[in-house]
Each structure stands twice: as structure tokens, then as C-alpha cells.
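Numbered by the working numbering, the letters in the sequence shown go through residues 20 to 134 in order.
The structure appears below as C-alpha cells.
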Amino acid sequence: VQLQAFGGGLVQAGGSLRLSCVASGTISRINVMGWYRQAPGKQRELVASITRSGSTNYADSVEGRFSISRYNAKSTVYLQMNSLKPEDTAVYYCNAVTVFLENYWGQGTHVTVSS
């Protein structure tokens, strides 16, 4: 499984960005897709995830501001980020977990929120 992420950038506080991640390869194995982020000097943390059946999970810090969605036919996952805050600044990584619990990562995409 290969993952390619798109959509990072620079935005002012209060603004919005949408991240996309496209999976290729043995996509039929993929169960959960999600986004993690890593800010400078901090550990990588889960932002949001979504199962193949559509069940979602969000970090408390983004609940109500971010929305994850998934287009199974194209194995694409989106992260709509609204009301962005400077503390959302990080490198965002797409993640996929297969039914065999194999873990795959995409390249990071930078999100910078200016105050």
C-alpha cells in the first residue's frame, strides 16, 4: 500500500484547509485510514481516523472543527480542517491500517497556521 497526501499549506488562524490522501496498491486490505500530526518537539498524535464502514474517531483537540471522510471506491480519505488555530501547526501524515494490522504511512504534508 502506498499513500500520497495533498493539500497542506499556510493559512491564517480561523481559516480552513482540506487534506487529501490517495491510497494505491493492495487497497482491498485497507480497513482504517486516518491522519496523524507531529508538531516540532512533540510526539506524533492521532488527529482523526475512519473505518471502512464509516466509523470515525477524533482527537479531543480537533473535535467539532475537523471532519474526516472517505471515498472507498478510490481509497481516498479527506480531512476538512476548519477554524484552524496556531496550535494546529504540524506535519500531517496519512495513515492506513489493513485488516492484517499492517501499518502504512504517507509522506508528511506541512500545515502552518499563522496568528
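Even for Gly, the Cβ is constructed at its ideal location relative to N, Cα and C.
The structure presented is a predicted model; accordingly, all values stated were derived computationally and were not measured.
Contact set for residue i: own chain, Cβ-Cβ below 6 Å, skip 5 residues either direction
| i | result |
| --- | --- |
| residue 57 | 63, 109 and 110 |
| residue 86 | 99 |
Nearest residue (CA-CA) to residue i, options the options
| i | options | result |
| --- | --- | --- |
| residue 78 | 55, 88, 125 and 23 | 55 |
| residue 71 | 87, 49, 133 and 103 | 49 |
| residue 45 | 61, 94 and 36 | 94 |
| residue 130 | 21, 22, 20 and 32 | 32 |
| residue 28 | 118, 103, 121 and 114 | 103 |
Residue i and residue j closer than 8 Å at C-beta
| i | j | result |
| --- | --- | --- |
| residue 39 | residue 52 | no |
Between the CA atoms of residue j and residue i - distance to the nearest angstrom
| i | j | result |
| --- | --- | --- |
| residue 89 | residue 97 | 6 Å |
| residue 123 | residue 99 | 21 Å |
| residue 81 | residue 66 | 7 Å |
| residue 76 | residue 34 | 22 Å |
| residue 30 | residue 107 | 11 Å |
Neighbourhood of residue i by C-beta distance below 8 Å, restricted to the same chain and skipping five residues each side
| i | result |
| --- | --- |
| residue 37 | 26, 97, 98, 99 and 100 |
Beta strand (DSSP E) segment containing residue i, residue limits
| i | result |
| --- | --- |
| residue 64 | 64-70 |
| residue 56 | 49-57 |
| residue 117 | 109-117 |
| residue 76 | 75-77 |
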